[in-house]
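First residue of the sequence shown? That's -14 in our numbering, and the numbers climb one at a time after it. Reviewing the structure listed below.
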Amino acid sequence: MNSSLGLFDSGIGGFTVLSSVLQRHGNVPSVYLADTKRVPYGDRKPGEIRLIASQVVSWLRDQQVSAVLVACNTTNSLALDILEKEAGVPVFGLISSAAEMVSEKRIGVLATPATAASGAYRTQIEAFKSNAVVFEQSCPKFVPMIEAGDIFGEEIQMVAMNYLRPLLDAGVEEIVFGCSHYPLLTPLFKKLLPEDIRLVDPAIGLAKKLDSVFRINSQGFDKGLSLDSTRFCVTEDPLGFTAKILKWLGESPKVELISLQ
Ligand code: DGL
-14 MNSSLGLFDS GIGGFTVLSS VLQRHGNVPS VYLADTKRVP YGDRKPGEIR LIASQVVSWL
46 RDQQVSAVLV ACNTTNSLAL DILEKEAGVP VFGLISSAAE MVSEKRIGVL ATPATAASGA
106 YRTQIEAFKS NAVVFEQSCP KFVPMIEAGD IFGEEIQMVA MNYLRPLLDA GVEEIVFGCS
166 HYPLLTPLFK KLLPEDIRLV DPAIGLAKKL DSVFRINSQG FDKGLSLDST RFCVTEDPLG
226 FTAKILKWLG ESPKVELISL Q
């Protein structure tokens, strides 16, 4: 059986999912697709996001992956039905993983505009935890800033505080990263937030979900990160993406240019 996992995101957000999977399961063969030509997804209309999801899943299907990991909350929130229908293999999303991870009552969710507007996090969390009170905060500026590497300095701090303030005013006890790019800002959030607010990274739950289904953890946990078995593909600027892989994951593998349309 071809056991490669297919992960996709608009850009580098899926690195947080890839890292969690590789750290938990060792060198699982995987295909990572970044739709760099269309990043960010989060400002797009639902119809456009659904079309993108269909194109992405059709491409992954052609790569004969044995499971699809939706490393992008925006497509997870607006097009999970399309992904599940068209993948032809099991599909694992971040939002249901997050819903199983929350433990407090008052829960904040940071997300892209499209994800926040969809209400997908509230719906999923309330389905698991009926007494939960969910506050969804749209964060339009984060993805462009993270992709550009503008993650240090005063501007990102001010932007982050503006998004966090309504959640803090609402008295949230934990905050979910409702966009796969946001765990890349963890040091900033830790600096800005009170220590007792728990941060939830859905990627960790998603990696755990693979335990029982694929038994791909047979090599043992904590193998460390290696990109030897990951194939990276983008829809634009492969060299720029190699530089981003080096910056965030510490290696510079070959990146292939592919076309989705
Ligand atoms: N990282 C993706 C997400 O989790 C996409 C963000 C974007 O492109 O706006 O939503």
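Glycine included, each C-beta is placed from N, C-alpha and C at the ideal position.
C-alpha distance - residue i paired with residue j, whole-angstrom precision
i: Pro125; j: Arg9; result: 31 angstroms
i: Leu245; j: Ala228; result: 22 angstroms
i: Asn116; j: Ala188; result: 24 angstroms
i: Val144; j: Pro223; result: 29 angstroms
i: Ala84; j: Val161; result: 9 angstroms
i: Thr220; j: Gln40; result: 12 angstroms
i: Tyr26; j: Asp181; result: 32 angstroms
i: Glu158; j: Gly93; result: 8 angstroms
i: Lys239; j: Val16; result: 12 angstroms
i: Lys30; j: Ser(-11); result: 31 angstroms
i: Ser203; j: Phe113; result: Model confidence at Ser203 stands at a pLDDT of 48, short of 50, so the residue's coordinates are unreliable; what they give is reported in the following sentence. If I take the Cα positions, the gap works out to 30 angstroms.
i: Ser81; j: Gln109; result: 6 angstroms
i: Leu18; j: Gly32; result: 21 angstroms
i: Ser4; j: Leu234; result: 8 angstroms
i: Val74; j: Glu140; result: 42 angstroms
Residues that DSSP places opposite residue i in a beta bridge
i: Asp(-6); result: Ala19
i: Leu54; result: Leu(-8) and Phe77
i: Val94; result: Glu121 and Val161
i: Arg216; result: Val16
Exposure of residue i, with buried meaning 16 or more beta-carbon neighbours within 10 Å
i: Leu231; result: exposed
i: Met(-14); result: Note on Met(-14): pLDDT 39, under 50, position unreliable in the model; the coordinate value appears next. Exposed: under 16 other Cβ atoms inside 10 Å.
i: Gly(-4); result: buried
i: Ala101; result: buried
i: Phe217; result: buried
i: Asn61; result: buried
i: Asp(-6); result: buried
i: Ala56; result: buried
i: Phe226; result: buried
i: Pro168; result: buried
i: Leu103; result: Before going on, a small fix: residue 103 reads as Ser here, not Leu. Ser103 is buried by the Cβ-count criterion.
i: Asp186; result: buried
i: Asp20; result: buried
i: Ser214; result: exposed
i: Val121; result: One point to set straight first is that residue 121 is Glu, not Val, in the sequence displayed. Classification for Glu121: buried.
The alpha helix (DSSP H) enclosing residue i, as first and last residue numbers
i: Gly225; result: Pro223 to Leu234
i: Gly156; result: Segment: none, Gly156 is in no alpha helix (DSSP H) and carries neither H nor E.
i: Leu210; result: First-last for Leu210: undefined, no H or E at that position.
i: Leu45; result: Pro31 to Asp47
Residue range of the beta strand (DSSP E) that includes residue i
i: Gln8; result: First-last for Gln8: Phe0 to His10, but that is the alpha helix (DSSP H), not the beta strand (DSSP E).
i: Val161; result: Glu159 to Phe162
i: Leu170; result: Careful: Leu170 lies outside any beta strand (DSSP E) and carries neither H nor E.
i: Leu184; result: Arg183 to Val185
i: Thr241; result: It should be pointed out that residue 241 corresponds to Glu in this sequence rather than to Thr. Unbroken beta strand (DSSP E) run through Glu241: Val240 to Leu242.
C-beta neighbour in chain B for residue i, strict 7 angstroms
i: Thr97; result: Among the protein chains of the structure shown there is no chain B, as only one such chain exists.
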